[in-house]
Amino acid sequence: MLQFCKITDSLLISNSRAACNKELLTQEGVTFCINVSRQQPFPGLHHVRSLRVPVFDDPLEDLYKYFEQCNNAIEDTVQSGGKCLVYCKNGRSRSAAICTAYLMRHQNLTLKDAFETVKTARPGVEPNAGFWTQLQRYEEHLQTQHQLGHSSEKMISSK
C-alpha cells in the first residue's frame, strides 16, 4: 500500500515508491522532499523542492554530517507552512534516522523519545547500527550545546 506516515503535521516519512506517487504528494500537500539515498528517484513535480542526501544504508556511511543540513531544511519548510517528506528506498533506516535527528534538534526530544515518535508513525523503522551510534553521538552534541546555551544565559542574566 502506498502511503506517507505522519510524524508531525509537517513531517512525513515513506519509502521511495510512495514518495514518487504524484497523486499522493499533491493530496498530502508535500512541498519539500529529502531523498536519503544515492540512487532512488525524485518525484519530478515542479512545485516540490528537493534535497538528496547521497548515502547507502550501510553502517559505515556518515549520515551524521547531514543532520544539521536536513534539520534546517525541514525546519525552514515547517516555518514557511509547508510539508516535508523524508524518504529512502524502504523508509526504514536512513529516513528514520534523519526524522529522529530533526525531532531531537527542533522539538528538544531525547533520542529515545524522538525515535519512539517516529516508530509510532511508522512501526517498521529501524536505523542500522551505524546510524544509531551517530544518533547517540548527535544526542550528546545537542546536550552539550544545550548546557553551553544555559550557562551563557546565566552569565548574561547575572551581570
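Take the sequence shown: its letters are residues 1498 to 1656, numbered as in this note's numbering. Beta carbons: idealized from backbone N, C-alpha and C, even for Gly. This structure is a prediction, so every number in the text was calculated from the model and none was measured.
Residue i and residue j closer than 8 Å at C-beta
| i | j | result |
| --- | --- | --- |
| Asn1537 | Cys1502 | In the sequence on display, residue 1537 carries Gln and not Asn. For Gln1537 and Cys1502, no; Cβs fall outside 8 Å. |
| Thr1574 | Ser1513 | no |
| Thr1607 | Leu1632 | no |
| Ser1534 | Arg1589 | no |
| Ser1547 | Phe1564 | no |
| Asn1532 | Val1545 | no |
| Ala1515 | Gln1500 | yes |
For residue i, the residue or residues it bridges with in DSSP
| i | result |
| --- | --- |
| Tyr1584 | Ser1511 and Asn1532 |
| Arg1546 | Phe1529 |
Local conformation of residue i per DSSP, three classes
| i | result |
| --- | --- |
| Cys1502 | strand |
| Phe1539 | coil |
| Lys1656 | Legend: pLDDT at Lys1656 = 45, less than 50; position of this residue unreliable, no value from coordinates given. |
| Leu1632 | helix |
| Gly1621 | coil |
| Glu1637 | helix |
| Glu1558 | coil |
| Gly1579 | coil |
Delimiting residues of the alpha helix (DSSP H) encompassing residue i
| i | result |
| --- | --- |
| Ser1592 | Arg1591 to His1603 |
| Thr1617 | Leu1608 to Ala1618 |
| Cys1567 | Phe1564 to Gln1576 |
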